[in-house]
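Colleague: Residue numbers (UniProt numbering): 1 to 606. Using N, Cα and C, we set each Cβ at its ideal position, and we do this for glycine too. Okay, handing you the structure first.
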């Protein structure tokens with residue numbers, strides 16, 4: 001049995017062991033501490049002239065004895081590590097991942113594959129030296145990692161993650177080659193340069209706090225003529241350095257890519273992490289811009305994902321970050337990955353108004369003027385709007401924030417009014433979601449508009465959940481008969497499906513277009529255009545009862561060739577289809593509308 005080998009499907013019930021040096025990688029700090037305390041006195045004696053040759057033992061015997069003690073400690077620790085490795089086993093079945101560990105105190109952890117939200121590949125610094133990696137399984141309703149599998153060879157860890165993600169997605173293994181589950185391909189879409197990460201750290205709130213604290217300490221030191229006040233700057237400096245290091249280590253070398261199994265992110269300076277987040281399991285998304293970041297037009301994107309929790313640790317915050325620092329275009333690209341169908345024909349303008357706008361542009365409902373004294377600076381900024389697929393909530397004047405909640409991810413919502421709120425006829429709404437850094441809420445909305453949103457969002461959420469796909473987004477499903485919708489010039493087919501489709505068109509067929517949304521995005525309906533040229537496919541849409549418009553050829557649709565069977569468009573029909581690279585969805589600005597009359601035209605066009 002090879003340590004760290006990947007479990008083939010035919011041996012799903014077989015227990016495997018992690019890499020033999022895993023206990024050393026996990027406990028090297030404890031080993032160094034024990035060796036330090038055990039050998040400190042002996043090491044100091046080597047440089048102490050008064051202690052040489054003294055004592056009952058002849059010169060050289062003490063050195064030999066000390067070396068024997070250290071060697072004995074190392075042997076004992078190695079034996080403990082070996083026993084720990086022997087009792088650490090893991091098993092991958094069609095339904096679960098199980099990890100058993102412990103000798104005296106036994107620990108048994110398991111994660112259901114259909115509840116796995118994400119799988120991270122983590123490489124601490126020492127593990128990178130040995131070419132090892134740890135797998136962390138994030139499961140719904142678990143604040144911390146439900147299962148941690150440490151450590152495997154990096155290649156084995158990648159293969160095992162691909163196998164588990166494929167099973168979690170419902171992909172059936174190839175009967176002829178059940179052990180071959182290739183890692184899904186990816187396409188890089190966002191890269192954060194190191195210089196931007198450093199600049200973002202310097203323009204963060206940490207720098208502002210450092211400057212203010214330094215000014216206060218220096219002023220007090222000069223005024224009171226007390227030297228010890230300056231020494232209090234040292235702990236503050238240590239904390240600032242730690243904050244800078246955390247920002248650099250978690251944002252350095254950040255790369256985001258799209259793949260059939262979700263959004264892949266890689267980052268890290270000394271410790272590296274590779275995590276995959278299925279877009280359909282993002283519960284809420286937040287876009288934040290600090291005051292100093294406005295100078296460069298930078299934003300941060302965070303998400304609530306079931307299983308990640310609301311940990312305040314650096315690791316927890318890094319896991320919940322989809323983009324540590326990025327430009328407006330990069331933010332829109334990340335939004336397109338999470339929400340391929342924005343539910344509006346003007347996504348760039350609507351999301352742009354949410355990130356930087358104020359007042360009622362692009363359909364945003366803001367705090368009424370009568371309540372402006374309750375939020376004199378933010379009343380024109382606070383607001384919300386609803387698209388066909390998501391709810392957008394914006395707030396903040398100094399720290400701008402936009403929260404995006406897909407309709408199907410709305411779990412519950414509440415509305416409250418205080419005495420003052422009732423007097424000026426405003427209300428606050430809170431949308432409950434999984435724990436995380438994003439808190440969806442509407443502040444000081446008009447009472448009537450708040451109640452309309454309260455009741456309307458409940459209906460939209462129920463309808464969206466009814467249309468959303470299953471947890472196993474790659475599982476084979478049979479497509480019902482196509483429905484046809486008469487368009488102005490063509491007939492458009494609309495097929496129901498629970499997951500992304502794959503066109504059966506030949507690679508050289510330029511007369512057809514295909515756009516496949518990322519896996520995991522719960523798209524309930526996909527359009528299929530019949531015998532349309534590429535230009536027409538990109539512009540025709542069909543309105544389906546109970547759902548938003550579906551554009552054939554858009555990221556929420558796919559093209560089905562004439563005569564194609566259900567199996568031909570099912571991405572889970574074969575492993576090679578499961579590895580098909582989806583087209584990257586992107587938001588495009590709405591085309592400028594021609595003026596209706598001569599008076600409406602700009603001066604240069606009259």
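Whose C-beta lies closer than 8 Å to the C-beta of residue 119 among residues of the same chain, with five residues either side of it excluded?
Modeller: The residues are 135, 136, 137, 138, 161, 164, 165, 275, 276.
Colleague: Pick out whichever of 152, 108, 189 has its Cα sitting closest to the Cα of residue 128.
Modeller: Among 152, 108, 189, the Cα nearest to that of residue 128 is on 152.
Colleague: Starting from residue 90, follow the beta strand (DSSP E) in both directions and report where the run begins and ends.
Modeller: Note, residue 90: beta strand (DSSP E), 89-92.
Colleague: Three or more C-beta pairs closer than 8 Å, one from the region 231-240 and one from the region 198-215: is that the case here?
Modeller: Output reads yes: the region 198-215 touches the region 231-240.
Colleague: Return the bridge partner residues of residue 107 from the DSSP annotation.
Modeller: According to DSSP, residue 107 bridges with 101.
Colleague: Give me the residue from 343, 462, 451 with the minimum Cα distance to residue 587.
Modeller: Nearest C-alpha to residue 587: 343.
Colleague: In whole angstroms, what separates the C-alpha of residue 266 from that of residue 297?
Modeller: So the alpha carbons of these two residues sit roughly 23 Å apart.
Colleague: Whole angstroms are fine: how far does the CA of residue 19 sit from the CA of residue 73?
Modeller: In a straight line, the C-alpha of residue 73 is about 23 Å away from that of residue 19.
Colleague: Where does residue 446 fall in DSSP's three states?
Modeller: If DSSP states are grouped into helix, strand and coil, residue 446 belongs with the strands.
Colleague: Rounded to whole angstroms, what's the CA-CA distance from residue 500 to residue 468? Just pull it up for me.
Modeller: Reliability fails at residue 500, whose pLDDT of 34 lies under 50, so the model's placement of it is uncertain and the value that follows must be treated cautiously. Cα-Cα distance, rounded: 12 Å.
Colleague: Under 8 Å between the Cβ atoms of residue 90 and residue 16?
Modeller: Yes; because the gap between Cβ atoms is below 8 Å, this pair is in contact.
Colleague: Would residue 308 be called buried (16 or more neighbouring beta carbons within 10 Å of its own) or exposed?
Modeller: Per the 10 Å Cβ criterion, buried.
Colleague: From this set, 382, 374, 363, 381, which residue's C-alpha is nearest residue 419's C-alpha?
Modeller: The residue with the shortest Cα to Cα distance from residue 419 is 374.
Colleague: If I measure Cβ to Cβ from residue 187 and keep anything under 7 Å in the same chain, skipping five residues before and after, which residues do I get?
Modeller: Excluding positions up to five away in sequence, the list reads 257, 258, 581, 584.
Colleague: Within a Cβ cutoff of 6 Å, which residues of the same chain sit near residue 460, ignoring the five residues on either side of it in sequence?
Modeller: Correct list, in chain order: 407.
Colleague: For the pair the region 190-203 and the region 323-334, tell me if three or more CB-CB distances fall below 8 Å.
Modeller: Touching, yes, given that three or more Cβ pairs across the two stretches are closer than 8 Å.
Colleague: For residue 250, does the count of other Cβ atoms within 10 angstroms reach 16, so buried, or fall short, so exposed?
Modeller: Answer is buried; the Cβ neighbour count reaches 16.
Colleague: Applying the criterion that 16 or more other CB atoms from any shown protein chain within 10 Å of the CB defines a buried residue, is residue 247 buried or exposed?
Modeller: Flag for residue 247 reads buried.
Colleague: Would you give the residue range spanned by the alpha helix (DSSP H) that residue 347 belongs to?
Modeller: Residues 347-356.
Colleague: Which residue spans inside the region 248-307 form an unbroken beta strand (DSSP E) run of at least 3?
Modeller: Within the region 248-307, the complete beta strand (DSSP E) runs of at least 3 residues are 255-259, 262-267, 272-277, 282-289, 299-305.
Colleague: Buried or exposed: which applies to residue 299, given that a residue is buried once 16 or more other Cβ atoms fall within 10 Å of its Cβ?
Modeller: By the neighbour-count rule (16 or more Cβ atoms within 10 Å), residue 299 is buried.
Colleague: State the Cα-Cα distance for the pair residue 412 and residue 453, rounded to the nearest angstrom.
Modeller: For residue 412 and residue 453, the distance between alpha carbons rounds to 13 Å.
Colleague: Looking at the structure shown, is residue 587 part of a helix, part of a strand, or coil, going by DSSP?
Modeller: Looking at residue 587 - three-state DSSP - the assignment turns out to be coil, as it is neither helix nor strand.
Colleague: Hey, which unbroken runs of the alpha helix (DSSP H) at 4 residues or more fall wholly within the UniProt domain "YdbS-like PH" (379-442)?
Modeller: Within the UniProt domain "YdbS-like PH" (379-442), the complete alpha helix (DSSP H) runs of at least 4 residues are 419-424.
Colleague: Let me know the secondary structure DSSP gives residue 364 once reduced to three states.
Modeller: The answer is coil: DSSP assigns residue 364 none of H, G, I, E or B.
Colleague: Per DSSP, what kind of secondary structure is residue 96 in: helix, strand or coil?
Modeller: Of the three classes helix, strand and coil, the one that applies to residue 96 here is strand, per DSSP.
Colleague: Where does residue 225 fall in DSSP's three states?
Modeller: Three-state result, residue 225: coil.
Colleague: Tell me which same chain residues have a C-beta within less than 8 Å of the C-beta of residue 432, skipping the five on either side of it?
Modeller: Closer than 8 Å at Cβ, skipping near neighbours: 411, 412, 413, 414.
Colleague: Hey, quick one: how far does the alpha helix (DSSP H) through residue 329 stretch, first residue to last?
Modeller: Note, residue 329: alpha helix (DSSP H), 328-338.
Colleague: Exposed or buried, which one is residue 458 when buried takes at least 16 other CB atoms within 10 Å?
Modeller: So residue 458 counts as exposed.
Colleague: Whose CA, out of 290, 280, 131, lies closest to the CA of residue 465?
Modeller: The option with the nearest alpha carbon to residue 465 is 280.
Colleague: Output the distance between the C-alpha atoms of residue 443 and residue 261, rounded to the nearest integer angstrom.
Modeller: Roughly 36 Å separates the two Cα atoms.
Colleague: For residue 289, does the count of other Cβ atoms within 10 angstroms reach 16, so buried, or fall short, so exposed?
Modeller: Under this definition residue 289 is a buried residue.
Colleague: Can you say whether residue 272 is buried or exposed, counting buried as having 16 or more other CB atoms within 10 angstroms of its CB?
Modeller: The residue is buried, with at least 16 neighbouring Cβ atoms inside 10 Å.
Colleague: From the DSSP output, in three-state form, read off residue 120 for me.
Modeller: Looking at residue 120 - three-state DSSP - the assignment turns out to be strand.
Colleague: Kindly list the residues whose CB is nearer than 8 Å to the CB of residue 451, restricted to its own chain and excluding five residues on each side of it in sequence; keep chain order.
Modeller: Closer than 8 Å at Cβ, skipping near neighbours: 415, 427.
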